[in-house]
Amino acid sequence: MVRLVAPSRPSYLRVVRASAWYDLVVTAGFATPWTYALVHGALSSWGGALGLGAMPAREPMQTLFANLMGSVVVVWALLRVVRTLPVHGLFDAAARGLFASWQAYALAHGAPRVLWPFFLVEVAFGVVQLVPWWRNRPAVTAPDRRPRAAHRRELSGPTDGR
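The numbering used here puts the sequence shown at residues 2 to 163.
Here you go:
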């Protein structure tokens, strides 16, 4: 089993907390049907004005999934703000990798380009939170391939050959 070594610098916890605040600001509007209607309208207007494409029309299932995502991300962000731990950064990096994957998939399949800024932030926070864990990983040594009997002799000392 590989034992991970958590980043110990206080700056790492600031990054974890900053990513949590970003999530709260960006996703709180997705958490309810009423606020999602406002966010959807704003994103659609912004995308249209910048030539990035408007959001598709709202539908009940789209709203449901937006609300589920918003609710879960808000709770996850609150945990990282209230009880910031290094391991939260590791798990958040993994979640951001998943989110960025699905955003890239959506962009590749015709999603409005208004998604690009969110994709870039997901990737940036994911990398910034994962790199310290990568740097702190323990060196992995190759497993010993000698037969078990050789290990026992080595541990018990010299033998007389019997």
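Backbone N, C-alpha and C fix where the C-beta goes; we use that ideal spot for every residue, glycine too. In this text the structure is predicted, and so the values were computed from the model without any measurement.
What number of angstroms, rounded off, separates the C-alpha of residue i from the C-alpha of residue j?
i, j, result
"valine 129", "asparagine 137", "14 Å"
"methionine 70", "tyrosine 23", "15 Å"
"valine 73", "proline 139", "33 Å"
"alanine 40", "glycine 54", "Checking the sequence shown, residue 40 turns out to be valine, not alanine. Distance between the alpha carbons of valine 40 and glycine 54 is about 15 Å."
"phenylalanine 188", "histidine 89", "Residue numbering for the chain in the displayed model covers 2 to 163; residue 188 lies beyond these limits and cannot be assessed."
"arginine 10", "leucine 86", "11 Å"
"alanine 96", "tryptophan 77", "11 Å"
"alanine 29", "alanine 94", "20 Å"
"alanine 66", "glutamate 60", "As written in the sequence, residue 66 is phenylalanine, which differs from the alanine given in the question. Cα to Cα, the separation comes out at about 10 Å."
"glycine 49", "alanine 107", "18 Å"
"arginine 4", "tryptophan 103", "29 Å"
"leucine 1", "leucine 91", "Here the chain covers residues 2 to 163 and nothing more, so residue 1 does not appear."
"valine 27", "tryptophan 135", "28 Å"
"methionine 62", "glycine 111", "19 Å"
"valine 6", "serine 12", "16 Å"
Leaving out the 5 sequence neighbours to the left and right, which residues in its chain are closer than 6 Å to residue i when beta-carbon positions are compared?
i, result
"threonine 64", "Pro34 and Tyr37"
"leucine 14", "Thr85"
"glutamate 123", "Arg97, Phe100 and Ala101"
Is the distance from the Cβ of residue i to the Cβ of residue j below 8 Å?
i, j, result
"proline 133", "proline 8", "yes"
"phenylalanine 120", "alanine 105", "yes"
"valine 82", "alanine 21", "yes"
"asparagine 68", "alanine 32", "yes"
"glycine 98", "glycine 127", "yes"
Note down, in chain order, each residue of its chain lying with its Cβ closer than 8 Å to the Cβ of residue i, except the 5 sequence neighbours on either side.
i, result
"leucine 25", "Val75, Ala78, Leu79 and Val82"
(message) For the structure I just gave you, are there three or more beta carbon pairs, one from the segment 104–116 and one from the segment 44–52, closer than 8 Å?
(response) yes
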